[in-house]
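Residue numbers (this note's numbering): 419 to 518.
For glycine and all other residues, C-beta sits at the position ideal for the given N, C-alpha and C.
The structure displayed is predicted, hence computed values, not measured ones.
Next comes the structure, spelled out in structure tokens:
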């Protein structure tokens with residue numbers, strides 16, 4: 419579901435850019451189109467981000483319970499708090515998992 423929202427956000431941004439180019443002669447219309455596109459895209463982006471976090475947590479739970487473990491808590495942490503800090507990239511997410 420998160421991927422769907424990311425794609426939808428990309429489509430909205432692309433359509434906003436195309437419409438703003440088409441109506442570039444009228445500055446207020448093009449500004450309105452850009453603002454409307456951003457107002458639609460920002461909530462979609464946050465929905466996608468929330469869905470992605472839920473997918474990650476569900477996959478962590480699935481793998482750990484498959485290996486007969488019990489998850490107590492899953493927290494997102496910064497790369498600086500992990501041993502992978504030197505190899506970290508902006509697109510990676512790191513989680514601290516507390517098991518029972």
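DSSP links residue 493 through a beta bridge to 514.
Distances from the CA of residue 466 to each of 419, 491 and 517 were compared; the closest alpha carbon is that of 419. Using a Cβ distance threshold of 8 Å, residue 455 and residue 423 do not count as a contacting pair.
DSSP places residue 472 within a helical segment (H, G or I) once states are collapsed to three.
By alpha-carbon distance to residue 513, the top candidate from 474, 480 and 445 is 474. DSSP, read as helix, strand or coil, puts residue 443 in coil.
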